[in-house]
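When you line the sequence shown up against full-length UniProt numbering, it's residues 1 to 344, in that order. Cβ atoms here follow ideal geometry from the backbone N, Cα and C, with glycine treated the same way.
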Amino acid sequence: MKKAYLYIAISTLMFSSMEIALKMAGGAFNPIQLNLIRFFIGAVVLLPFALRALKQTGRKLVSADWRLFALTGLVCVIVSMSLYQLAITVDQASTVAVLFSCNPVFALLFSYLILRERMGRANLISVIISVIGLLIIVNPAHLTNGLGLLLAIGSAVTFGLYSIISRYGSIKRGLNGLTMTCFTFFAGAFELLILAWITKIPAIAASLKSVGLSQFSAIPILVNVNMNYFWLLFFIGVCVTGGGFAFYFLAMEQTDVSTASLVFFIKPGLAPILAALILHEQILWTTIVGIVVILIGSVVTFVGNRFRERGNTIGQTAAESVKAVEDADTEATHAAHAVSNQEN
1 MKKAYLYIAI
11 STLMFSSMEI
21 ALKMAGGAFN
31 PIQLNLIRFF
41 IGAVVLLPFA
51 LRALKQTGRK
61 LVSADWRLFA
71 LTGLVCVIVS
81 MSLYQLAITV
91 DQASTVAVLF
101 SCNPVFALLF
111 SYLILRERMG
121 RANLISVIIS
131 VIGLLIIVNP
141 AHLTNGLGLL
151 LAIGSAVTFG
161 LYSIISRYGS
171 IKRGLNGLTM
181 TCFTFFAGAF
191 ELLILAWITK
201 IPAIAASLKS
211 VGLSQFSAIP
221 ILVNVNMNYF
231 WLLFFIGVCV
241 TGGGFAFYFL
251 AMEQTDVSTA
261 SLVFFIKPGL
271 APILAALILH
281 EQILWTTIVG
291 IVVILIGSVV
301 TFVGNRFRER
311 GNTIGQTAAE
321 SVKAVEDADT
331 EATHAAHAVS
341 NQEN
């Protein structure tokens with residue numbers, strides 16, 4: 001259990017420093033280029049773990065799996081993470097971190113709307129509290145950076161959608177979360193590479209520039225990928241993107257899902273503190289209040305999940321006990337019949 005909490009601590013630190021590292025790299029790299037690089041590196045880091053998981057289950061990837069990865073890669077890497085990366089370039093890292101951390105709220109809504117899953121009382125309360133926290137941070141009456149907020153919320157919404165597609169697909173295809181994540185990253189990076197090549201076509205590059213989308217015009221691929229930025233790219237790709245997910249899944253193997261999910265419940269509180277210390281970002285009082293409200297919503301979800309898992313465990317234990325008693329009764333009956341037959 002001590003090892004599990006160490007994994008959770010490392011994963012939390014990695015995920016909470018993500019926006020800070022990406023903000024620091026923003027001046028040297030195109031946002032879409034950085035997205036491509038970090039997810040490719042992250043996929044390479046996760047690959048040994050994914051291959052081990054496939055080997056343990058005797059599973060081989062088929063064309064249907066790759067179609068699923070193409071879809072999840074599109075939603076996660078190209079749409080959600082591109083919006084996320086753009087949000088970081090135009091808004092504070094602390095604000096983006098908190099807003100993006102609300103993606104489980106949208107995942108709950110999508111699971112209810114798409115998968116028709118029942119939303120428990122704790123989850124419903126958590127959704128309401130988290131939405132209130134979001135509104136406090138966004139502060140519609142005094143919007144100062146509407147574009148950044150819109151991009152960050154769009155990223156959170158689409159990542160919530162990705163989570164549901166990934167969960168549904170992994171259950172249907174019999175793939176664990178780590179394998180899904182690894183090959184989603186590979187597929188998304190490959191799709192992003194194709195798009196980057198397309199934006200280099202002169203006519204397309206000129207068209208994108210003419211409508212004010214210069215960041216999407218002639219997207220660079222290897223510009224500034226050199227020793228000057230080695231440690232920054234190493235931290236973003238290996239430690240944050242690859243390591244953060246790797247330690248999260250390792251924690252999940254050592255403990256239960258709700259305990260491992262502490263990573264995402266701590267992030268909204270820790271990320272703004274790190275941003276204030278490292279980037280010297282000023283955090284508005286409304287953002288602080290919103291963070292506290294969102295953390296309360298996270299606690300409600302966490303406690304609700306713990307009670308549900310405990311209830312499932314108790315129910316399973318009770319069912320096993322009943323089955324054991326029934327089996328014992330059956331054996332006793334068979335033994336009695338056997339003795340009776342011998343006497344006859």
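Beta carbon proximity, residue i to chain B, threshold 7 Å
{"i": "residue 163", "result": "No chain B appears in this structure, which consists of one protein chain only."}
8 Å contact criterion, which residue i and residue j should meet: CB distance rounded
{"i": "residue 77", "j": "residue 30", "result": "Rounded, the Cβ-Cβ distance is 15 Å, inconsistent with contact."}
{"i": "residue 246", "j": "residue 252", "result": "Not really, about 11 Å apart at Cβ, beyond 8 Å."}
{"i": "residue 346", "j": "residue 133", "result": "This structure cannot settle anything about residue 346, because the visible part of the chain is limited to 1 through 344."}
{"i": "residue 39", "j": "residue 185", "result": "5 Å"}
{"i": "residue 237", "j": "residue 41", "result": "3 Å"}
{"i": "residue 223", "j": "residue 33", "result": "7 Å"}
{"i": "residue 196", "j": "residue 219", "result": "4 Å"}
{"i": "residue 160", "j": "residue 103", "result": "5 Å"}
{"i": "residue 225", "j": "residue 232", "result": "About 11 Å separates the two Cβ atoms, so there is no contact after all."}
{"i": "residue 254", "j": "residue 55", "result": "Wrong, their Cβ atoms sit about 20 Å apart, outside the cutoff."}
{"i": "residue 265", "j": "residue 235", "result": "The Cβ separation is near 23 Å, so there is no contact."}
{"i": "residue 173", "j": "residue 87", "result": "Between residue 87 and residue 173 the Cβ distance is about 31 Å, and since that is not below 8 Å, they are no contact."}
{"i": "residue 131", "j": "residue 105", "result": "7 Å"}
Own chain partners of residue i with C-beta closer than 7 Å, once the 5 adjacent residues on each side are dropped
{"i": "residue 283", "result": "94, 272, 276"}
{"i": "residue 47", "result": "182"}
{"i": "residue 53", "result": "176, 178, 179"}
{"i": "residue 217", "result": "199, 205, 208, 209"}
{"i": "residue 345", "result": "There is no way to answer for residue 345, as the model of the chain reaches only from 1 to 344."}
{"i": "residue 281", "result": "92, 93, 94, 275"}
{"i": "residue 89", "result": "26, 31"}
{"i": "residue 10", "result": "247"}
{"i": "residue 114", "result": "164"}
{"i": "residue 79", "result": "158"}
{"i": "residue 263", "result": "8, 11, 12, 15, 248"}
{"i": "residue 168", "result": "115"}
{"i": "residue 139", "result": "286"}
As assigned by DSSP and simplified to three states, the class of residue i
{"i": "residue 19", "result": "helix"}
{"i": "residue 195", "result": "helix"}
{"i": "residue 30", "result": "coil"}
{"i": "residue 347", "result": "Past the edges of the chain, shown from 1 to 344, lies residue 347, and the structure says nothing about it."}
{"i": "residue 241", "result": "helix"}
{"i": "residue 212", "result": "coil"}
{"i": "residue 217", "result": "coil"}
{"i": "residue 296", "result": "helix"}
{"i": "residue 51", "result": "helix"}
{"i": "residue 282", "result": "coil"}
{"i": "residue 255", "result": "coil"}
{"i": "residue 201", "result": "coil"}
{"i": "residue 318", "result": "The predicted position of residue 318 is uncertain, since its pLDDT is 47 and thus under 50; a value taken from the coordinates is nonetheless stated next. Residue state, collapsed to three classes: helix."}
Neighbourhood of residue i by C-beta, 6 Å cutoff - its chain only, sequence neighbours within 5 removed
{"i": "residue 287", "result": "137"}
{"i": "residue 300", "result": "122, 125, 126"}
{"i": "residue 348", "result": "Beyond the ends of the chain as shown, which are 1 and 344, falls residue 348; an answer cannot be given."}
{"i": "residue 101", "result": "267, 268"}
{"i": "residue 44", "result": "none"}
{"i": "residue 241", "result": "38, 42"}
{"i": "residue 117", "result": "111"}
{"i": "residue 57", "result": "none"}
{"i": "residue 163", "result": "107"}
{"i": "residue 81", "result": "35"}
{"i": "residue 187", "result": "69, 70, 73"}
{"i": "residue 166", "result": "72, 180"}
{"i": "residue 244", "result": "11, 14, 15"}
{"i": "residue 270", "result": "16"}
Cutoff 8 Å; reference residue i; Cβ partners in own chain excluding five residues on either side
{"i": "residue 129", "result": "293, 294, 296, 297, 300"}
{"i": "residue 83", "result": "151, 152, 154, 155, 158"}
Length-filtered (3 minimum) beta strand (DSSP E) runs lying within the stretch 105–185 = Taking only runs of at least 3 residues, no beta strand (DSSP E) segment lies wholly in the stretch 105–185.
Give a yes or no on contact between the stretch 19–28 and the stretch 86–96, applying the rule of three or more CB pairs nearer than 8 Å.
-> With three or more CB-CB distances shorter than 8 Å, the stretch 19–28 counts as touching the stretch 86–96.
Completely contained alpha helix (DSSP H) runs for the stretch 56–105, where each covers 4 or more residues | Counting only runs of 4 or more residues that sit fully inside the stretch 56–105, the alpha helix (DSSP H) segments are 63–73, 81–90, 93–100, in chain order.
Does the stretch 169–185 come close enough to the stretch 117–130 that 3 or more CB-CB pairs lie under 8 Å?
-> Fewer than three Cβ pairs drawn from the stretch 117–130 and the stretch 169–185 lie within less than 8 Å of each other, which leaves the two stretches out of contact.
Validate contact between the stretch 149–162 and the stretch 4–19 using beta carbons, cut 8 Å, 3 pairs = Flag = no, the stretch 149–162 and the stretch 4–19 do not touch.
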